[in-house]
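K.L.:
Numbering (our numbering), first residue to last: 798 to 1283.
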């Protein structure tokens, strides 16, 4: 009888053993909480935290706090709000650039403001880590801060202090921090910047169409060159966004991107900006070099690019006329005739800029003094009288050399080289979604470098804010996951 039914002690031991085995099978609440925490951390690496995983403000009852902030606390609300503001500003930055004056700077201001708010809200939560930030965004931050440092060096050495030369460099200097905060937004959500690019390319074309009254368009703000250049850039990025699928109607989405790309090309056509047209073969060559396809596929791509560019040239009498006009103006300038032409004025700016650089190679004359240098030379008869009203060299390299000397030249080189190196590395080694973002980022850098051969892009704050914002967005999109410490 004792063998069939064990005594009370034996039954208690049996129940204890069963309970322990049950605990091994089903972990207690603490173990389940640890398991959920581990699963959550792995999920954060797969999908960065941000608005999609954000906690609600007090009373919302959301169980998952963002960035490790206290659930339902004030800092959680600030982090969530800052993430949403950054996302909206990132999408709207390209969309509103060519719509109304000041919208580019306003969108970038909201990105910067949300970055500061997010850094405050997430301090002490493992998201703001100096070593991790330096590893991920340090070189970019240093490169983008280089123009600001060059201006500071110039003013300290010369003893001439002015605030205006800091306008564009201050915007560029914040790109690294902005990239860090934008990287906290869920990857799939941040990719919606593609709609802003499509809208921006189309808006630029419509603005130039509406502003064309005579021979060349006269937009309500900026210049036709700026409108054509930025529209072309956004159109090319819209084509590269064909590597993404974000909607339930992929064919319609692809059609929209293709149309936006052609709108950007047509906007550049309307602007009659010959310097902008040079970006088309430069970007095509860059993409062929980044493409990891077979050499036969690359050959086909190269031939297709040549056919496209040749078709634009042969099919447009205006393009042929503008190219021939550039050759004529160059010959006239060399022979001392019609020096006030577009090409002639640029060549005069460039010669004067080289003279300013030679006079002060280690500091430059100061960006605020370049126009005074043009005016002095025009008064002395060394420049055409029409050159006296221009404020920059119509060339980023020579403007940096004239205004900031050798430090300015090195700063401009870093501003191009460091982001381009990051984008090239990701384009060659990253996953397909990151490759698309890297190609877009590289397109921004290459286009600005080419545009800067005939226009001082960074002399205009709108262009500086656009460059800094787009570089930050695409760098954030190049990251497969947010590091656990940053």
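Glycine included, each C-beta is placed from N, C-alpha and C at the ideal position. As the structure is a prediction and not an experimental result, all values here were calculated from the model.
1) Whose C-alpha, out of 1026, 1236 and 1105, is nearest the C-alpha of residue 1225?
2) CA-CA distance, residue 1077 and residue 1257?
3) What are the boundary residues of the alpha helix (DSSP H) that includes residue 1219?
4) Output the distance between the C-alpha atoms of residue 1061 and residue 1126, rounded to the nearest integer angstrom.
5) Please report the residue range of the alpha helix (DSSP H) in which residue 1176 lies.
6) If we call anything under 9 Å between Cβ atoms a contact, is residue 968 one with residue 1265?
7) What residues in its chain sit with their C-beta under 8 Å from that of residue 907, if we drop five residues either side in the sequence?
8) My output table needs one value for residue 1266: the three-state DSSP class, helix, strand or coil.
9) Tell me which residue opens and which closes the alpha helix (DSSP H) that residue 1028 is part of.
10) What are the start and end residues of the alpha helix (DSSP H) that includes residue 1066?
11) How far does the alpha helix (DSSP H) with residue 968 in it extend, from its first residue to its last?
12) Quick check on DSSP: helix, strand or coil for residue 945?
13) What residues in its chain sit with their C-beta under 6 Å from that of residue 745, if we drop five residues either side in the sequence?
14) Does DSSP put residue 1159 in a helix, in a strand, or in coil?
15) Among the candidates 1156, 934 and 893, whose CA atom is the shortest distance from the CA of residue 1216?
16) Work out the CA separation of residue 1176 and residue 1211 for me, nearest whole Å.
17) Within a Cβ cutoff of 7 Å, which residues of the same chain sit near residue 1165, ignoring the five residues on either side of it in sequence?
18) Within 10 angstroms of the Cβ of residue 1160, are there 16 or more other Cβ atoms? Answer buried if so, exposed if not.
19) Decide if residue 1118 is buried, meaning its Cβ has at least 16 other Cβ atoms within 10 Å, or exposed.
20) How is residue 1107 classed by DSSP in three states: helix, strand or coil?
21) Can you tell which of 948, 1122 and 1082 has the C-alpha that lies nearest to the C-alpha of residue 1106?
22) Mapping the DSSP letters down to three states, classify residue 1082 as helix, strand or coil.
P.N.:
This is what the structure holds:
1) Working through the chain shown from its first residue, we reach residue 1225 at position 428. The shortest C-alpha separation from residue 1225 is found at 1236.
2) Translated into the one-based positions of the chain shown, residue 1077 becomes position 280. Translated into the one-based positions of the chain shown, residue 1257 becomes position 460. Between residue 1077 and residue 1257, the C-alpha separation is close to 23 Å.
3) Indexing the chain shown from 1 puts residue 1219 at position 422. Element bounds for residue 1219: 1193-1226.
4) Numbered from 1 along the chain shown, position 264 holds the residue referred to as residue 1061. Numbered from 1 along the chain shown, position 329 holds the residue referred to as residue 1126. So the two alpha carbons sit approximately 27 Å from each other.
5) What you label residue 1176 is simply residue 379 of the chain shown in a count that begins at 1. Taken as a continuous stretch (DSSP letters only), the alpha helix (DSSP H) holding residue 1176 covers 1167-1176.
6) In the chain shown, counting from the first residue as 1, residue 968 sits at position 171. In the chain shown, counting from the first residue as 1, residue 1265 sits at position 468. Closer than 9 Å, so yes.
7) To locate residue 907, count along the chain shown from 1; it is residue 110. Within the same chain, residue 907 has close Cβ partners 882, 883, 885 and 886.
8) The count along the chain shown starts at 1 and reaches residue 1266 at position 469. If DSSP states are grouped into helix, strand and coil, residue 1266 belongs with the helices.
9) Position 231 of the chain shown, counted from the start, is the residue given in the question as residue 1028. Per DSSP, residue 1028 belongs to the alpha helix (DSSP H) from 1021-1037.
10) The residue given as residue 1066 occupies position 269 in the chain shown. Per DSSP, residue 1066 belongs to the alpha helix (DSSP H) from 1047-1068.
11) Residue 968 sits at position 171 when you count from the first residue of the chain shown. That run of the alpha helix (DSSP H) goes 964-970.
12) Start at 1 with the first residue of the chain shown, and residue 945 comes out as number 148. Correct three-state label for residue 945: helix.
13) No information on residue 745 is available, as it lies outside the stretch 798 to 1283 that the chain covers here.
14) Position 362 of the chain shown, counting from 1, holds the residue named residue 1159. If DSSP states are grouped into helix, strand and coil, residue 1159 belongs with coil.
15) Taking the first residue of the chain shown as 1, we reach residue 1216 at position 419. That would be 934, whose Cα lies nearest to the Cα of residue 1216.
16) As a first step, residue 1211 must be located in the chain shown, where it is residue number 414. As a first step, residue 1176 must be located in the chain shown, where it is residue number 379. If I take the Cα positions, the gap works out to 36 Å.
17) Within the chain shown, numbered from 1, the residue matching residue 1165 stands at position 368. So the qualifying residues of the chain are 959, 961 and 962.
18) Mapped onto the chain shown, residue 1160 falls at position 363. Buried: at least 16 other Cβ atoms inside 10 Å.
19) As a first step, residue 1118 is located in the chain shown; it is residue number 321 there, counting from the start. Burial call: exposed.
20) Working through the chain shown from its first residue, we reach residue 1107 at position 310. If DSSP states are grouped into helix, strand and coil, residue 1107 belongs with the helices.
21) Counting from one through the chain shown, the residue named residue 1106 turns up at place 309. Of 948, 1122 and 1082, the residue nearest in Cα terms is 1082.
22) Within the chain shown, the letter at position 285 stands for residue 1082. Reduced to three states, the DSSP call for residue 1082 is helix.
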